[in-house]
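Engineer: Those protein sequence lines, which keep their order, are chains A and B. FYI, in the working numbering the residues of the first sequence are 1 to 170. FYI, in the working numbering the residues of the second sequence are 1 to 103. Here a beta-carbon is modelled for each residue, glycine too, at the ideal position from N, C-alpha and C. If you scroll down you'll find the structure; I have some questions about it.
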Amino acid sequence: MDLAFAFCSVVTLVCAMMVVTRRNPIYGALHLMGFFLGITGLFVLLEAPFVAVLQAIVYVGAILVLFLFVIMLIDTEALVRKSPRSYISRTSSLFVAAALFVGLAAILLRARGLEGGAPGALRDPTFGSTASLSEHLMRGYPLAIEAVSLLVLAALVGAVVVSRRAGHWR
Amino acid sequence: MFTITHVLLLAALLFAIGVYGVIGRKNLLVVLMSIEIMLASVSLTLVAFGREFEGPSGHDGQVLVIFNMAVAAAAAAVGLALLIAFYRQFQTLDSDHANTMKG
């Protein structure tokens with residue numbers, strides 16, 4: 001369990017660093033896949049199997065493929081050769097990110113009620129199962145589900161409208 | 001055994017990496033990918049808290065993650081559409097070229 005957690009954390013951290021540091025977005029997208037799969041493993045370790053499967057399907061299966069389609073539409077290699085600098089300001093952004101992490105870590109390490117030790121056995125053996133999770137979702141959040149479906153519809157229409165050629169159809 | 005603090009520290013580190021990508025990189029594709037990294041690290045935090053405070057409403061964390069995924073997918077779709085429009089306009093993905101409104 002510990003070994004699996006260490007493995008998944010190292011995979012996610014290394015892949016996330018590769019995503020933000022590689023010049024060519026193709027390598028970034030491929031490392032993003034490793035990142036999402038590492039997150040999936042962490043979800044499994046945290047007893048969220050349904051969310052883990054959803055993460056694999058939605059992120060690796062849909063969002064990542066969308067990224068790869070866009071990369072294929074755009075000649076990224078030529079763009080990388082064209083732009084000499086790919087960072088706005090490496091040191092200042094590194095400083096901001098490091099300060100943010102130190103702040104978050106300080107809050108986490110001082111938080112009360114989190115030093116409960118290792119996660120013990122689950123009190124509820126059905127916790128995280130598809131049946132109990134979907135019951136909770138459908139019973140507790142019907143309005144939110146409708147709102148999200150509206151949001152996704154709006155995003156669908158918006159994406160088509162924004163990305164069409166100018167004057168293609170009015 | 002790993003504790004919730006380890007998971008939360010990992011999520012904080014991933015979020016910081018995502019922030020670094022968003023504010024430091026010029027390539028808009030990398031910026032969008034960094035946003036996805038930040039969203040995924042927030043999902044990790046939610047699942048960890050749901051696991052820790054399992055109880056009558058213990059599933060709320062995982063339910064929030066499901067909504068987070070829907071919003072992330074919508075954001076990625078609209079963001080990539082904007083990126084394609086940007087590329088058609090400027091023939092580049094460099095955010096420095098987005099200065100048409102500059103006075």
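Mind listing the chain A neighbours of F67/B? Cutoff is C-beta to C-beta under 7 Å, in chain order.
Structural biologist: Neighbours of F67/B on chain A, chain order: A144, V148.
Engineer: Taking Cβ-Cβ distances below 8 Å as the criterion, which residues of the region 99 to 115 of chain A are in contact with chain B?
Structural biologist: Within the region 99 to 115 of chain A, the residues whose Cβ lies closer than 8 Å to some Cβ of chain B are L100, F101, L104, A105, L108, L109, L114, E115, listed in chain order.
Engineer: Going by DSSP, name the residue or residues bridged to R25/B.
Structural biologist: Looking at the DSSP assignment, R25/B forms a beta bridge with Y87/A.
Engineer: Assign D96/B to one of three DSSP states: helix, strand, or coil.
Structural biologist: Three-state result, D96/B: helix.
Engineer: Are any of the Cβ atoms in chain A nearer than 8 Å to that of M101/B?
Structural biologist: Not closer than 8 Å to any Cβ of chain A, the Cβ of M101/B fails to qualify, so no.
Engineer: Drop a sphere of 10 angstroms on the beta-carbon of N27/B, count the other beta-carbons inside from all chains shown, and report buried for 16 or more, exposed for fewer.
Structural biologist: Per the 10 Å Cβ criterion, buried.
Engineer: Considering only residues of the same chain and omitting the five flanking positions on each side of R25/B, which have a CB-CB separation below 8 Å?
Structural biologist: V31, S34.
Engineer: Of all Cβ atoms in chain A, is any one closer than 8 Å to the Cβ of A16/B?
Structural biologist: Yes, contact with chain A.
Engineer: Beta carbon of H59/B, beta carbon of S89/A: below 8 Å?
Structural biologist: Not a contact, by the Cβ cut-off of 8 Å.
Engineer: Flag E47/A as yes if its beta-carbon sits less than 8 Å from any beta-carbon of chain B, otherwise no.
Structural biologist: Output row for E47/A: interface = yes.
Engineer: 8 Å is my cut-off, CB to CB: does G128/A come that close to chain B?
Structural biologist: So yes, G128/A belongs to the interface.
Engineer: So, at 7 Å on beta carbons, what are the nonlocal neighbours of V20/A in its own chain, with the 5 sequence-adjacent residues on each side left out?
Structural biologist: Contacts found: none.
Engineer: Output the distance between the C-alpha atoms of L104/A and E36/B, rounded to the nearest integer angstrom.
Structural biologist: Spanning the two alpha carbons is a distance of roughly 19 Å.
Engineer: Return yes when the C-beta of T130/A is under 7 Å from any heavy atom of the ligand GTP, and no when it is not.
Structural biologist: The model on display carries no ligand, and the ligand GTP is accordingly not part of it.
Engineer: By the DSSP assignment, the alpha helix (DSSP H) with R88/B in it spans what residues?
Structural biologist: Run containing R88/B: 60 to 90, per the alpha helix (DSSP H) assignment.
Engineer: From E54/B to I84/B, what distance separates their C-alpha atoms?
Structural biologist: Answer to the nearest angstrom: the Cα atoms are 43 Å apart.
Engineer: Cα separation between L9/B and R165/A?
Structural biologist: C-alpha separation (whole angstroms): 44 Å.
Engineer: What does a CB cutoff of less than 7 Å around P25/A pick up in its chain, not counting 5 residues either side in sequence?
Structural biologist: I71, T76, listed in sequence order.
Engineer: Which residue from A76/B, L93/B, A81/B puts its Cα closest to that of L79/A?
Structural biologist: That would be L93/B, whose Cα lies nearest to the Cα of L79/A.
Engineer: For chain A, is any of its Cβ atoms less than 8 Å away from the one on V42/B?
Structural biologist: Judged by the 8 Å Cβ criterion, V42/B is not in contact with chain A.
Engineer: Along chain B, in chain order, which residues have C-beta atoms closer than 7 Å to that of L79/A?
Structural biologist: Those within 7 Å of L79/A in chain B are T92, L93.
Engineer: So for Y20/B, helix, strand or coil by DSSP?
Structural biologist: Helix, per DSSP.
Engineer: Give a yes or no on whether the C-beta atoms belonging to V58/A and I23/B are separated by under 8 Å.
Structural biologist: Cβ distance not < 8 Å, so V58/A and I23/B don't count as in contact.
Engineer: According to DSSP, is S129/A part of a helix, a strand, or is it coil?
Structural biologist: S129/A falls in the coil class under three-state DSSP.
Engineer: Are any of the Cβ atoms in chain B nearer than 8 Å to that of L13/A?
Structural biologist: It does: the Cβ of L13/A has a partner Cβ on chain B nearer than 8 Å.
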